[in-house]
Amino acid sequence: MTKESIRLGIISALHEEQRGLIGAMQERQVKTRGMREYASGKLWGLDTVCVLSRIGKVAAAATAATLIEHFGVSHLLFTGVAGGAGEGVCVGDIVVGEELVQHDMDSSPLFPRFEIPLTGVSLFAADSMLSSYLVQAASSFLKEDFAKVIHAKDCAKFNLTMPRVHHGLIASGDQFIAHSGKMDLIRQDLPATLAVEMEGAAVAQVCFEFGVPFAVVRTISDSANETSPVDFGSFIQTVAAHYAFHIVRRTCQSLNV
Numbered sequence: 608m609t610k611e612s613i614r615l616g617i618i619s620a621l622h623e624e625q626r627g628l629i630g631a632m633q634e635r636q637v638k639t640r641g642m643r644e645y646a647s648g649k650l651w652g653l654d655t656v657c658v659l660s661r662i663g664k665v666a667a668a669a670t671a672a673t674l675i676e677h678f679g680v681s682h683l684l685f686t687g688v689a690g691g692a693g694e695g696v697c698v699g700d701i702v703v704g705e706e707l708v709q710h711d712m713d714s715s716p717l718f719p720r721f722e723i724p725l726t727g728v729s730l731f732a733a734d735s736m737l738s739s740y741l742v743q744a745a746s747s748f749l750k751e752d753f754a755k756v757i758h759a760k761d762c763a764k765f766n767l768t769m770p771r772v773h774h775g776l777i778a779s780g781d782q783f784i785a786h787s788g789k790m791d792l793i794r795q796d797l798p799a800t801l802a803v804e805m806e807g808a809a810v811a812q813v814c815f816e817f818g819v820p821f822a823v824v825r826t827i828s829d830s831a832n833e834t835s836p837v838d839f840g841s842f843i844q845t846v847a848a849h850y851a852f853h854i855v856r857r858t859c860q861s862l863n864v
């Protein structure tokens with residue numbers, strides 16, 4: 608993989624998750640397609656296309672397919688927030704997807720639970736090389752940038768003490784998990800799950816079907832329980848937006864060598 612062979616598609620579900628990226632893009636051109644604005648240009652020297660998908664699996668899948676078919680991206684990155692699911696996964700931590708699954712997919716008894724019908728696949732593996740760049744970028748961000756860009760008052764507000772990077776299973780579904788009972792069921796059925804969100808596995812399925820390498824990185828914004836909606840908007844603006852910007856920046860810089 609060389610920088611000349613990369614055209615990176617970057618998807619986020621919320622405006623704040625791409626805050627700063629569009630402003631940093633050079634040679635920017637914006638094209639509207641399917642009620643979405645696709646910004647093409649250079650991010651830290653790398654050929655990129657940034658777009659807001661909106662929330663949910665259908666929205667994310669439609670956006671990913673358009674990036675691949677119309678804008679010709681060679682690699683795809685989804686960045687955003689998620690609820691923490693795994694033991695020791697805390698608010699402010701970062702999860703890079705190793706595999707992704709749709710936790711609300713159930714076509715049994717016609718097909719095994721979680722399997723995407725007619726594909727034979729339940730767990731979609733992220734691209735190992737792109738994911739390794741994300742893990743490195745996330746680790747470097749926490750070590751070198753975190754204290755500079757996250758205010759002390761926000762660290763205290765959200766109890767951000769020693770954020771860590773995790774690499775493992777991310778589960779997606781068209782549900783905002785805000786009840787511990789629902790989270791317990793997901794853990795019971797998919798005990799390896801580290802984070803829950805609403806788009807990643809749909810993007811993974813599209814990329815699998817088109818043969819496009821992908822990766823997913825998530826900032827943990829809540830614990831996927833009854834406290835989840837509390838200060839969610841504030842966390843996105845004051846914490847997650849900075850995480851996304853600097854992790855994408857470091858990833859693009861690493862790819863552009």
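Counting in the working numbering, the sequence shown runs from 608 upward without gaps.
Glycine included, every Cβ here is placed at the ideal spot set by N, Cα and C.
Given the structure is predicted, the values throughout are model-derived calculations rather than measurements.
When you compare only the Cα positions, how much space is there between residue i and residue j?
i	j	result
residue 677	residue 704	26 Å
residue 776	residue 760	31 Å
residue 746	residue 707	21 Å
residue 696	residue 623	22 Å
residue 854	residue 813	23 Å
residue 667	residue 764	31 Å
residue 737	residue 671	17 Å
residue 728	residue 646	32 Å
residue 840	residue 753	19 Å
residue 766	residue 796	29 Å
residue 748	residue 724	39 Å
residue 587	residue 756	Absent from the structure is residue 587, since the part of the chain shown begins at 608 and ends at 864.
residue 650	residue 633	7 Å
residue 621	residue 717	35 Å
residue 684	residue 709	18 Å
residue 626	residue 652	18 Å
Between which two residues does the alpha helix (DSSP H) containing residue i stretch?
i	result
residue 794	787 to 796
residue 755	753 to 756
residue 700	No alpha helix (DSSP H) holds residue 700; DSSP gives it neither H nor E.
residue 842	839 to 842
residue 723	Premise fails: residue 723 is in no alpha helix (DSSP H) and is neither H nor E.
residue 628	628 to 631
residue 760	759 to 764
Starting from the C-beta of residue i, find all residues in its chain whose C-beta is less than 7 Å away, skip the five residues before and the five after it, and write them out in chain order.
i	result
residue 861	740, 743, 744
residue 788	none
residue 612	681
residue 801	692, 693, 696, 702, 773, 775, 776, 777
residue 844	623
residue 661	620
So, helix, strand or coil for residue i, using DSSP?
i	result
residue 673	helix
residue 857	helix
residue 739	helix
residue 782	coil
residue 819	coil
residue 813	helix
residue 845	helix
residue 622	helix
residue 775	strand
residue 641	coil
residue 616	strand
residue 713	coil
residue 830	coil
residue 807	helix
residue 862	helix
residue 749	helix
Give me, in chain order, the residues of the same chain whose beta-carbon lies closer than 6 Å to that of residue i; leave out the 5 immediate sequence neighbours on both sides.
i	result
residue 663	781, 805
residue 762	none
residue 720	713
residue 638	645
Could you pull the start and end residues of the beta strand (DSSP E) that residue i belongs to?
i	result
residue 684	682 to 691
residue 662	Neither: residue 662 is in no beta strand (DSSP E) and is coded neither H nor E.
residue 801	800 to 804
Output needed for residue i: all residues of its chain with C-beta closer than 8 Å, excluding positions within five of it in sequence on either side, in chain order.
i	result
residue 722	712, 714, 728, 729
residue 640	673, 677
residue 734	682, 820, 821, 822
residue 827	688, 689, 690, 691, 696, 697, 698, 699, 700, 701, 702, 802
May I ask you to list the residues that DSSP assigns as paired with residue i?
i	result
residue 647	636, 656
residue 706	732, 776
residue 824	686, 703
Could you check whether the Cβ of residue i sits closer than 7 Å to any heavy atom belonging to the ligand FMN?
i	result
residue 763	Annotation note on the ligand FMN: not contained in the displayed structure, which lists no ligands.
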